[in-house]
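Comments concern the structure below.
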Amino acid sequence: MTGATPSLPNSASFRQRLLAGMTVLGLLVAGALAWKIYASDAERQRIAKAQTQSLVKAVEEHVLHTIQLADISLNGFANAIKAMPSSQRGSATVVGALLAANGASFSAKFQVLFIDADGIALAASDPVLVHSTSHAHRDYFQFHRRRDAGNGLYVGKPVIAREDGRRVFFLSRRVESAEGKFVGVIVARMDASRLAAVFDSMRSSQYASVVLAHRGGAIIARAPHFEQTFAAGVAQTDLFERTAGAPAGSGISSGTLDGQTRFYSYRALEDMPLLVSVSIASREWEEALRRDVRIGLAGLVLMAALMFGGGTLAVRSYARLERSENSYRRLYSSLRDGVVLIDCADCIAECNDAFLEIVGYDAQDIIGSDFLPWSPDQWRTGGARKEQDLNTLDQYEKECRRKTGETIYLNIKLWPINYSVGGNALMMLALVRDVTDQKRTQNALRQAHDDLEVKVLQRTAALVRTNEKLKTEISERKLVEEELRKSKDVLQQLSAHQERIKEIERKRIAREIHDDLGQSLLALRIDVSMMHARTAETHPKLHRKANTVLENIDGAIRSVKSIINNLRPATLELGLDAAIEWQVKEFERISGIRCHLTLDTTGICFDRDDERALALFRILQESLTNIARHAQASAVTVMLRVTGSRLCLRVTDNGIGIQPAAGAKPNAFGLVGMRERIHSLGGALDIESGAGHGTVITVYLEIRKDLVARTS
């Protein structure tokens, strides 16, 4: 319909747009779900790594504690045997009594055996271990027999004991005489099953595995599966090669027993051929990953079903709406009176051809324009339509002009339609009828009547005008003076009110920028930082892009902070002194002009929103801005101090001064605005300037008694 807003798209176009929208939404949801699953899986792997590293440390501490206890005993026995006479040192009875007498405190944890220089077991804390057996072929005896072996602790490989079939490993020390001659080896037989039992109690879950291995590659103790894996090789064949460069680390490997992928952490014991390894099977987090995927797929299927059902319902509803719209527009176009649809902003949303013909405008000129030229007079004076006007207003006549400038008279009827939840009319419907011909006839009759009245009253009016002229001339001057005074007072009050409103708006806008945009940028930076950290090793290209985004976000945050400080510096909350000090430093930083500040306001305390403090701060801002733009100064002095009963602010520069022609410019409102703002607060502003001699701006404000009293 000519003169109306574009009609609804057809059903096919609507279906295409709806399908495209649902497709985009589905892709976004699927992408978000995939990212969530990926992030959850990465988090579970991070937790597994932390658990293995923590358990490795605990196992290492327990193993070191156990070995240190045994080593202390071995060292004590070695020194005791060293102190014996040579005749007693070779006596199995004497040495056996020594070992048996001191073995009660540790026999539950390990057993001690003394082997003489020929490799024969001479004595033990448990007599069962001594059958004059030869240990000359054992690795620990061969090690200590060498001259360069030293007196250090030797940790042997795991073996199955011939005496009782236990799974053990040996700790040993070289025993020398007082003269330094090799006399034998003192050996502690450690029960590996005890370590395996402790490891089993330390496991955090059924999927965790704890291993103590000899650096030769054989497993000493493992939980679980101790019996099956004792003295077997470790799963990570390159683990001992790694310890040469990194005594601790983490990795992923396949288990030898169950074939599962395992996440492991290891640590080599310092100065010992031992290695602690803790691993966790991936089954636990793989099951969680599969569960997340199943839940996500179920959610996608449910969302697709809901979108399909909702889309079908929307298409059917749209088809009904399209049919209703077509019927409405046919009726709308056939009316001979003008019909106008007015939105909640009092702008014309739609109109029919009859209305365009009445007012003489084209559709592109009228659609979206303000309805004010055709609205009731009370709306024009009141500023906006009122709900009570819509309820009481029946119809009205309006004098208007066509596009050609011709005057026309319209009879207009308004109906409120499309009410909001609160009962307010969101839109209106106007029925417009051209009554220009009837109105012209009425005006002609009224004009003839008025002409007769004028001729009757002209003679009387001449005398009245003469008398009134004399009275007017006498009182005119007084009235003019009084009106000027009142106008000046009103303008000053208006100026002060506008400044207060401006400060309130600056504070509100700064707060909203900080609360909304600042928090959004911070949340965005946190998200991008997390992505930046997580893609450092796996996605270098995305990592670099994330770094660029972080720099852009940081720049945006700095811009937001700058905008907030320009609107309302945060230092205003700390008081006038702090705000002035910040402003001077900021001006010096930005402009490069050297500044000197003197503050002496002892005994004066302004409220945060005190108009006087705000006025002084804004005048300082305006003065510094003028200096930066026009003064060409190299130094600025700012002073704020108390002089008697007045507070004085003085800004001095060494620039070119204010040119005589500058104050006469019609748009030179800066100095005028400062002067009016101070006058509205009962203060005074003085400007001293000479060409080439700089400018001095001085502001005086009376100090209110309550400010001094509150400070006291």
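Per numbering that gives the first Met the number 0, residue 0 is the first one in the sequence shown, and the count goes up by one each step. All C-beta atoms, glycine included, are put in the ideal place defined by N, C-alpha and C.
Could you give the residue range of the alpha helix (DSSP H) that holds residue i?
i	result
I589	575 to 590
E687	From DSSP, E687 is part of no alpha helix (DSSP H) but of the beta strand (DSSP E) over 683 to 688.
D270	First-last for D270: undefined, no H or E at that position.
A614	610 to 625
A222	First-last for A222: 218 to 222, but that is the beta strand (DSSP E), not the alpha helix (DSSP H).
Q631	First-last for Q631: undefined, no H or E at that position.
I525	518 to 533
Taking the beta strand (DSSP E) that residue i falls in, what are its first and last residues?
i	result
I696	694 to 701
L334	Here L334 belongs to no beta strand (DSSP E), and DSSP marks it neither H nor E.
Q110	109 to 115
T651	645 to 652
Under three-state DSSP, which class holds residue i?
i	result
A479	One point to set straight first is that residue 479 is Val, not Ala, in the sequence displayed. Correct three-state label for V479: helix.
M426	strand
F229	coil
F142	helix
P372	helix
S124	coil
P84	coil
M673	helix
P415	strand
S316	helix
H538	coil
A177	coil
R16	helix
R593	strand
I657	coil
I366	coil
G164	coil
G554	helix
G183	strand
D40	helix
T403	coil
S203	coil
List the DSSP bridge partners of residue i.
i	result
F169	R188
N410	E396, R432
D599	R640
S278	S208, Y263
L340	E349, L428
S133	I119
G248	Y265
Y153	S171
V158	V167
H678	Answer is none; H678 lacks a bridge partner.
H213	L273
If distances are taken between C-alpha atoms only, which option among the options comes closest to residue i?
i	options	result
R214	A532, A614, L273, G554	L273
F354	Q394, A429, S85	A429
L334	G232, V431, V453	V431
E226	T459, M201, G308, L194	L194
A11	T65, T311, T636	T311
A362	E349, S374, A304, V28	E349
T440	A313, E321, A535, I407	I407
R221	V671, H538, V167	V167
D115	S90, Q15, L97, L646	S90
Q52	L451, F262, Y206	F262
E356	I589, G183, T403	T403
G216	A77, A231, V209	A231
D515	I556, V548, S85, A69	I556
F13	T65, L320, M271	L320
D163	A177, F142, D190	D190
Compute the beta-carbon to beta-carbon distance between residue i and residue j, rounded to the nearest angstrom, for a pair I have assumed lies under 8 Å.
i	j	result
I562	L520	Between L520 and I562 the Cβ distance is about 12 Å, and since that is not below 8 Å, they are no contact.
L648	L619	7 Å
F113	A122	5 Å
L268	L54	No, L268 and L54 are not in contact; Cβ-Cβ is about 15 Å, not under 8 Å.
V111	A187	6 Å
L635	I702	The amino acid occupying residue 635 in the given sequence is Val; Leu does not appear at that position. About 25 Å separates the two Cβ atoms, so there is no contact after all.
V292	I36	6 Å
L684	V695	Rounded, the Cβ-Cβ distance is 11 Å, inconsistent with contact.
C757	V637	No statement about residue 757 is possible, as the shown extent of the chain runs from 0 to 711 and does not include it.
W373	C399	6 Å
V358	R401	6 Å
Y395	P415	15 Å between Cβ atoms; not a contact.
G25	A303	7 Å
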